Amino acid sequence: MLTALLTKSWRDHWKGLASWAGGLIAIAAIQLWVYPSIRESSEGVSQMIESFPQAMQEVFRMTDYTSGPGFLNVELFSFMVPLILIAVGVSWGAAATAEEEHRGTADILLTLPVSRVRIIVTKMIATALVLLGLCIILAATLIIGTRLVNIDVSAANLFAASFSCALLGMLFASLGFLIGALVGRPGIATGVGIALGIAAFVLYSLAPLVDTFDAVTPVNPFQWALGGDPISNGLALSSVGWLAGTSVVILAASVLAFNRRDIST
Amino acid sequence: MDADGVAAGRPSICLAGLTKYYGHNLGVEDLTFDVMPGEVFGFLGPNGAGKTTAIRMIVGLLRITRGSATVLGADVASAPASLRHRIGYLPGALVLYGNLTGGEYLRFLARMRGGAMTRRINDLSERLNLDLTRHIHDLSKGNQQKIGVVQAFMHSPDVLILDEPTAGLDPIVQREFEALIDEAQQQGAAILLSSHVLSEVDHLAGRVAIIDEGHLLVVEDIASLKRRALRTIDLDFPQPVATAPFAVIEGVTDVRSRGSQVTCTMTGEETGLLRHAVDLGVLSVRTHEPSLDQIFFSLVQGGDRRAHRPADEVVA
Ligand SMILES: Nc1ncnc2c1ncn2[C@@H]1O[C@H](COP(=O)(O)OP(=O)(O)OP(=O)(O)O)[C@@H](O)[C@H]1O
Ligand SMILES: [Mg+2]
Chain H
1196 MLTALLTKSW RDHWKGLASW AGGLIAIAAI QLWVYPSIRE SSEGVSQMIE SFPQAMQEVF
1256 RMTDYTSGPG FLNVELFSFM VPLILIAVGV SWGAAATAEE EHRGTADILL TLPVSRVRII
1316 VTKMIATALV LLGLCIILAA TLIIGTRLVN IDVSAANLFA ASFSCALLGM LFASLGFLIG
1376 ALVGRPGIAT GVGIALGIAA FVLYSLAPLV DTFDAVTPVN PFQWALGGDP ISNGLALSSV
1436 GWLAGTSVVI LAASVLAFNR RDIST
Chain R
-12 MDADGVAAGR PSICLAGLTK YYGHNLGVED LTFDVMPGEV FGFLGPNGAG KTTAIRMIVG
48 LLRITRGSAT VLGADVASAP ASLRHRIGYL PGALVLYGNL TGGEYLRFLA RMRGGAMTRR
108 INDLSERLNL DLTRHIHDLS KGNQQKIGVV QAFMHSPDVL ILDEPTAGLD PIVQREFEAL
168 IDEAQQQGAA ILLSSHVLSE VDHLAGRVAI IDEGHLLVVE DIASLKRRAL RTIDLDFPQP
228 VATAPFAVIE GVTDVRSRGS QVTCTMTGEE TGLLRHAVDL GVLSVRTHEP SLDQIFFSLV
288 QGGDRRAHRP ADEVVA
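Residue numbers (the working numbering), protein chains in the order written: chain H, 1196 to 1460; chain R, -12 to 303.
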């Protein structure tokens, strides 16, 4: 029964997903293509970076920029990849809980002999699979690409960095589910979810400069995902635990909220 | 019939004090009526009366504020999802997945219901003259409504809950739809049919509930309701006749004449009026179906109306 719903999800969204996947492959490929020239002029680049204000170096975490992993960290994993995966996750979460109600298709879907809990959990699984799929595609691109341009970084660590971002995406996806289940408006759920993602990103980025921001860093999901520098150090169990645990709690709350919700048109 | 629900004498749908508030706004209050197996039950009321609100509580889309709704013996607030194997529901505001074809959509629903139902889907689509190969967003409103009808009937449910089912259907399809209702009724299904047009449920339903502003006005046999209802009757005579004698006939509330035609407004039995007309050599008699408005008006006049709303507000 639920395979019918998964199949339908895939059918509805594979084109959109293909373009996200293509986008991830493209930005990874471009950075990998640029990197050799950075490496060749590494002295000059290092001097240039040292000439940047200290604050800017800290915000963009540019120490170690000319090493392969450091470069990928700055160019991919500190901004582009997390935000793309957050955007995909939030929009899937919001769509799952709020879109069908808002459009009116929920009337028939939710009066089928399948409980709301099973339907929403199936959609959560679909979202997790989507993020996992994008993470694998990105990691595969990077693993192949780094081999081609001779960047010395292990496949495991590239996967670790991608997977951390996918978990980060899943955490914000769960917020999309929750807000969608509470307000029933896909636009609001997507907007608020992405705004929260950007706010967390800004807090995390400016934390080295602003003490009050730094105070919340321990509970900032970006810190959980990226603070341990997964591309250099691999996956830390604690960061996976925090990201996954928080997601599960928020997802459970969204199941409860969705199950109680008045579906109106 | 089978043990769990469709037993003769036990209602298939049972509303007891069913109440819904949207925040502080009233949706419906204190609805109480039963629909029996094999019964077509009309659910009437003007726009905003609360028909859809009540129906959405019965099918589990809205949470019940107070009171209860029982379907096939199970309280809908706590019933397992499997109860809905036996319910067919056609939403009032039907929205389908536009990117699918009709066939794909119905097959998706069948799979979600745990079966294929291919024969039944094809059979129903043929009867309703529905093209299953076209994308839903390319279909007209009426053709989309046909898909809604098919999905409500395709699993041969014991309870059918239909919210303004004939919206957008042409007369030929409407006839076929009525045949489907008849068949379901014959097989013992309980059918709740909402509408704001009396004529639509007229020849299908036995009993009706009428609600207005969230409150039940009456639950009654359609025939006796119509007898009580205010309606207009046109009488054609060979030559102009005096109107005064008509006005004193029992049940007649208003008489007008134009040339040799007399138009009476009346409630109750028509016997007295017809006798007088025949005495005058009446050529033809045309009774205009009482509209729902007129029935409301009669209900108000009959004093059944809830006291808080003055009658002139209804007329206006
Ligand atoms: N989601 C909602 N939030 C607040 N009020 C609502 C909501 N849905 C319906 N109502 C109110 O509940 C009342 C009953 O509406 P409902 O849609 O049940 O009427 P209806 O009898 O189905 O009307 P129609 O014939 O137009 O379909 C109306 O006053 C309506 O404004
Ligand atoms: Mg309605």
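For each residue, glycine too, the CB sits at the ideal point set by N, CA and C.
As the structure is a prediction and not an experimental result, all values here were calculated from the model.
A distance of 9 Å or more separates the beta carbons of L1267 (chain H) and A1335 (chain H). Residues of chain H with a Cβ closer than 7 Å to the Cβ of M23 (chain R) do not exist; the shortest Cβ-Cβ separation is about 22 Å. Following the DSSP letters along the chain, one finds T252 (chain R) in no alpha helix (DSSP H) but inside the beta strand (DSSP E) bounded by residues 248 to 253. With a cut-off of 8 Å on Cβ pairs, the segment 232 to 244 of chain R is not in contact with the segment 196 to 213 of chain R, counting fewer than three such pairs. Going by beta carbons, L1404 (chain H) and L1370 (chain H) fall outside the 9 Å limit. Using a Cβ-Cβ cut-off of 7 Å, P1381 (chain H) is close to nothing in chain R; its nearest Cβ partner there is about 14 Å away. Taking 9 Å as the CB threshold, S69 (chain R) lines the interface with chain H. At a C-beta separation below 8 Å, L1451 (chain H) has no neighbours in chain R, since its nearest C-beta there lies roughly 13 Å away. Listed along chain R, no residue sits closer than 7 Å to K1318 (chain H) by beta-carbon distance, the nearest being about 13 Å off. Annotation for Y9 (chain R): no alpha helix (DSSP H) segment contains it, though the beta strand (DSSP E) segment containing it runs 0 to 9. Here DSSP, grouped into helix, strand and coil, assigns R1234 (chain H) to helix. At least 9 Å separates the beta-carbon of F28 (chain R) from that of G175 (chain R). Checking the 8 Å criterion, the Cβ of T39 (chain R) is within range of a heavy atom belonging to ligand 2. Residue pairing of E256 (chain R) in beta bridges, as defined by DSSP: absent, with no partner found. Under a criterion of Cβ atoms nearer than 7 Å, the residues of chain H adjacent to F95 (chain R) are, in order, A1199, K1203. Restricting attention to R:A166, R:A103, R:R215, the CA atom closest to the CA of L115 (chain R) is found in R:A166. In the three-state reduction of the DSSP assignment, Y76 (chain R) falls in the strand class. Short of 6 Å from the beta carbon of S69 (chain R), and not among the five residues preceding or following it, lies no beta carbon of its own chain. Counting the other CB atoms within 10 Å of its CB gives I1393 (chain H) a total below 16, which places it among the exposed residues.
R71 (chain R) and T1306 (chain H) have their C-alpha atoms spaced approximately 7 Å apart.
For D1406 (chain H), the uninterrupted alpha helix (DSSP H) run begins and ends at 1406 to 1411, by DSSP.
Sequence-distant partners of Q172 (chain R) (beyond 5 residues in either direction) whose C-beta falls short of 8 Å from its own C-beta, in its chain, are G25, E26, V27, I178. A distance criterion of 8 Å places the beta-carbon of S181 (chain R) in contact range of ligand 2, judged by its closest non-hydrogen atom.
Linking S1359 (chain H) to L1430 (chain H) through their CA atoms gives a straight-line distance of about 8 Å. Less than 9 Å divides the Cβ of I1374 (chain H) from the Cβ of G1388 (chain H).
The beta-carbon of L1305 (chain H) is placed less than 9 Å from the nearest beta-carbon of chain R. In the same chain as S1204 (chain H), and ignoring 5 residues on each side of it, the C-beta atoms closer than 6 Å to its own belong to A1321, in chain order.
Cβ-Cβ separation between L1227 (chain H) and T1341 (chain H): approximately 7 Å, consistent with a contact (criterion under 8 Å). The beta carbon of L77 (chain R) sits no closer than 8 Å to any heavy atom of ligand 1.
Against chain H, the beta carbon of H72 (chain R) has neighbours under 7 Å at P1308, listed in chain order.
Contact check for L31 (chain R) against S182 (chain R) passes: the beta carbons are separated by less than 9 Å. Only V46, G47, L48, L49 from the segment 33 to 49 of chain R bring a Cβ to less than 7 Å from some Cβ of chain H. For T1292 (chain H), there are no C-beta contacts with chain R under 9 Å, since the nearest C-beta of that chain is about 14 Å from it. Residue burial is scored here from C-beta neighbours: Y9 (chain R) has fewer than 16 other C-beta atoms within 10 angstroms and is therefore classed as exposed.
Identification of chain H residues near P78 (chain R) by a Cβ-Cβ cut-off of 9 Å yields G1299, D1302, I1303, T1306, T1460, ordered along the chain. In this structure, DSSP gives I1346 (chain H) a state outside helix and strand, which the three-state scheme calls coil.
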